[in-house]
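Beneath this line is the structure, given in structure tokens, with notes to follow.
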Amino acid sequence: MKPFLTVFLFLASVGAPLQAQSLKLLNVSYDPTRELYQALNPVFAAQWKAKTGQTVSISQSHGGSGKQARSVIDGLPADVVTLALAHDIDALASQRQLLPATWQQRLPRNSSPYVSTVVFLVRAGNPRGIRDWNDLLKPGVQVITPNPKTSGGARWNYLAAWGQALTQKGGSEAKARAYVTELFKRVPVLDSGARGATTTFVERGLGDVLLAWENEALLVSEGTGKGKFQIVLPSSSILAEPSVAWVDRVVQRKGTAAVAKAYLEFLYTPEAQAIIARNGFRPSDPKALKDAGSKFPKLRLFTVADPFGGWGHAHETHFKDGGTFDQITARK
Amino acid sequence: MKPRRPGFALSAGITLLGASLMILLPLAALAFKAGHAKVGTFAALLGDPRVRTACLFSLGAALIAALFNLLWGSLLAWVLVRYPFPGRRLADALVDLPFALPTAVAGLTLASLYGPTGWIGRLLPFSAVYNQAGVVLALSFVSLPFVVRSLQPVLEELPRDMEEAAACLGASRWATLRRVVLPQLLPALLSGFALSFARAVGEYGSVVFISGNLPFRTEIAPLLIVVKLEQYDYDGAVALAVIMLTVSLLVLLGVHLLHRRFGGASRHA
Chain A
53 MKPFLTVFLF LASVGAPLQA QSLKLLNVSY DPTRELYQAL NPVFAAQWKA KTGQTVSISQ
113 SHGGSGKQAR SVIDGLPADV VTLALAHDID ALASQRQLLP ATWQQRLPRN SSPYVSTVVF
173 LVRAGNPRGI RDWNDLLKPG VQVITPNPKT SGGARWNYLA AWGQALTQKG GSEAKARAYV
233 TELFKRVPVL DSGARGATTT FVERGLGDVL LAWENEALLV SEGTGKGKFQ IVLPSSSILA
293 EPSVAWVDRV VQRKGTAAVA KAYLEFLYTP EAQAIIARNG FRPSDPKALK DAGSKFPKLR
353 LFTVADPFGG WGHAHETHFK DGGTFDQITA RK
Chain B
-16 MKPRRPGFAL SAGITLLGAS LMILLPLAAL AFKAGHAKVG TFAALLGDPR VRTACLFSLG
44 AALIAALFNL LWGSLLAWVL VRYPFPGRRL ADALVDLPFA LPTAVAGLTL ASLYGPTGWI
104 GRLLPFSAVY NQAGVVLALS FVSLPFVVRS LQPVLEELPR DMEEAAACLG ASRWATLRRV
164 VLPQLLPALL SGFALSFARA VGEYGSVVFI SGNLPFRTEI APLLIVVKLE QYDYDGAVAL
224 AVIMLTVSLL VLLGVHLLHR RFGGASRHA
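In the order they appear, the protein sequences are chains A and B. Sequence positions in the first sequence follow the working numbering and run 53 to 384. Sequence positions in the second sequence follow the working numbering and run -16 to 252.
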């Protein structure tokens, strides 16, 4: 038996590249999910090993969401992409047909296993008395948010500000535009990325309010800046839905279709949803969200689909060259 | 019969191959991509006030930074060459640091030093970051070594007896500097200036952390290129890159012509 096993192992190791005995997955993600996937990957690897006997090792790549999408378009062999906005995954479909345009319907809840929302981070004690969106326009208040032209996170902030003015009682497009115009007059620095904006607010001490994803805000208020900052939840905000997808063209070539799909489906399991909640993202499963308790208070949430008509439309209207952002920041 | 030049074929072949792979091919690819862009893309870019403002700001800031470096860098080179002082070698080595430091780190460091809560920033009566001054500061930092390093070897070779002769002939210190020393340094100063400018015009990493990236105020041309890429507008990005390259090439060509004129004059002096 023993010699047989040795020979078998030897053959197996020689044949490994062909046999895919040990699987390799590349997860191309955006910046703030680093810790989340570091926590999730070993759990999935253990489950997959128990189920199929195969060893799977998962590499992570992080960066700005748009930049990551461009790397995949330019040939980075990502088995799965877990990006900040569906628009960036749409680009993989439209620019290179790396996956079908209907990718978002392949997994539950619009392919978003975790969600988040845009909240306010203020300095401890809330010296400016910021409670809701309208307080951001108080005289003298400075707001920090990154540049929506270069940062995916900033686009969520922008749509949150626009949408809350649009969807509240008596709201209208004109009122939303007026609100956002006023808001951006109070932005002294437009950092190129979300982490840059956090640094400006936290380390440089600039501004009174940081518009941030809830998970980023939790990271600061419970971690690095404990005691110096606090989160203010506005009465309404946007439901940020980071999307996940496997990249068909890549998994077909690498023969990793099954494991890539299982990896993403794993994100919806109760176990993964609990890890997601611990890392500051809102589980998209209602039950898991309830289990997480008071960490994620309720607020009125609207989505990109309603009222913005989806990312394609939102991008055309607001962020394309000549869109509303260019209009409101144009030189008067 | 042609004179034999041993090793010429081999060395020329290797040099050409290297230059092609690393410089000519990428530039050719850029030109090829730009060929795809329609004339309308260029016209639209040049007609966009935001693009024009950013390009002019990029060029202006790079010019100011290069001029600043010309003064400050020459002084630094002079001190390093002419005055022996303890720690001179260390100071000499420090000059190259801006090259070694990742530019993003440079930008972050400058922003935290000169920012409103930074060690220096809190002492300043005005804000030195998140405005045009911040951009010039970052550009000066990353391009300073060029002037110092172009000037240093020339200064070291500069024969002192000429200065002594000028002094013996009754020239004032100022006249010696202006009529004897400066003409000999001019070619090196010009090339240091040109390199410094070229480096600064294309700089992105450090600037985005210190400029604030405000449209019409502190937006640089490379940021707009990134913005275009962010929208998957490859044509626009390439067209903008070609416009910036053309302008920079013209500036460098101008400096080169000056170089030829004054460089030639001083060599025969």
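The beta carbon of each residue, even a glycine, is placed where N, CA and C say it ideally should be.
Item, Value
"Measuring only the C-alpha atoms, how far is residue 155/A from residue 143/A?", "12 Å"
"Consider the Cβ of residue 97/B: report whether some Cβ of chain A lies at a distance smaller than 8 Å.", "no"
"Pick helix, strand or coil for residue 281/A, following the three-state DSSP scheme.", "strand"
"Against residue 362/A, what residues of chain B qualify as contacts under a CB-to-CB distance less than 9 Å, listed in chain order?", "Within 9 Å Cβ-Cβ: nothing; residue 362/A doesn't reach chain B, min ~17 Å."
"Quick one: does residue 66/B have its CB under 8 Å from some CB of chain A?", "no"
"For residue 262/A, count neighbouring Cβ atoms within 10 angstroms of its own Cβ and tell me buried if that reaches 16, exposed if not.", "buried"
"Report buried or exposed for residue 293/A, applying the criterion of at least 16 other Cβ atoms within 10 angstroms of its Cβ.", "buried"
"Need the endpoints of the beta strand (DSSP E) that residue 352/A sits in, please.", "352 to 354"
"Under 7 Å between beta-carbons, which chain B residues line up against residue 202/A? List them in chain order, please.", "209, 210, 213"
"Look at the alpha carbon of residue 258/B and the alpha carbon of residue 123/B, and state the distance between them as a whole number of angstroms.", "Since the displayed chain B opens at -16 and closes at 252, residue 258/B lies outside it and no answer follows."
"Within 8 Å of any Cβ in chain A, is that where the Cβ of residue 166/B sits?", "no"
"Of all the alpha helix (DSSP H) runs that stay within the bounds of the region 318 to 375 of chain A, which reach a length of 4 or more residues?", "322 to 330, 338 to 343, 362 to 366"
"Residue 224/B and residue 208/B look like a contact to me (Cβ under 8 Å); what is the Cβ gap, rounded to whole Å?", "6 Å"
"Looking at the structure shown, is residue 18/B part of a helix, part of a strand, or coil, going by DSSP?", "helix"
"What span of residues does the alpha helix (DSSP H) with residue 97/B cover, start to end?", "86 to 97"
"Under 8 Å by Cβ, that's how I've got residue 311/A and residue 130/A pegged, so tell me the actual separation to the nearest angstrom.", "At roughly 14 Å, the Cβ-Cβ gap does not stay under 8 Å, so residue 311/A and residue 130/A are not in contact."
"Do the region -15 to -4 of chain B and the region 231 to 241 of chain B touch if we need at least three Cβ pairs shorter than 8 Å?", "no"
"Tell me where the beta strand (DSSP E) around residue 52/B begins and ends.", "No beta strand (DSSP E) contains residue 52/B, which is instead part of the alpha helix (DSSP H) from 32 to 65."
"Please say whether residue 192/B and residue 63/B have beta carbons closer to each other than 8 Å?", "no"
"Does the distance from the C-beta atom of residue 185/A to that of residue 286/A stay below 8 Å?", "yes"
"Please confirm if residue 43/B has its CB atom under 8 Å from at least one CB of chain A.", "no"
"I'd like to know if the region 253 to 273 of chain A and the region 156 to 174 of chain A are in contact, where contact means that at least 3 CB-CB pairs between them fall below 8 Å.", "yes"
"For the beta strand (DSSP E) that contains residue 72/B, what are its first and last residues?", "Counting along the chain, residue 72/B falls outside any beta strand (DSSP E), though it belongs to the alpha helix (DSSP H) covering 71 to 77."
"Do residue 131/B and residue 78/B have their C-beta atoms closer together than 8 Å?", "yes"
"Identify the contact partners of residue -11/B in chain A, using a Cβ-Cβ distance below 9 Å as the criterion.", "Within 9 Å Cβ-Cβ: nothing; residue -11/B doesn't reach chain A, min ~44 Å."
"Pick out the complete alpha helix (DSSP H) segments inside the region 264 to 309 of chain A, 4 residues or longer, and give them in chain order.", "266 to 271, 300 to 306"
"Consult DSSP for residue 152/B and reduce its assignment to one of helix, strand or coil.", "coil"
"Report yes or no: is there a C-beta of chain A within less than 8 Å of the C-beta of residue 251/B?", "With a pLDDT of 42 at residue 251/B, under the threshold of 50, the modelled position of that residue is not reliable, and the figure given next carries that caveat. No, residue 251/B does not count as interfacial toward chain A."
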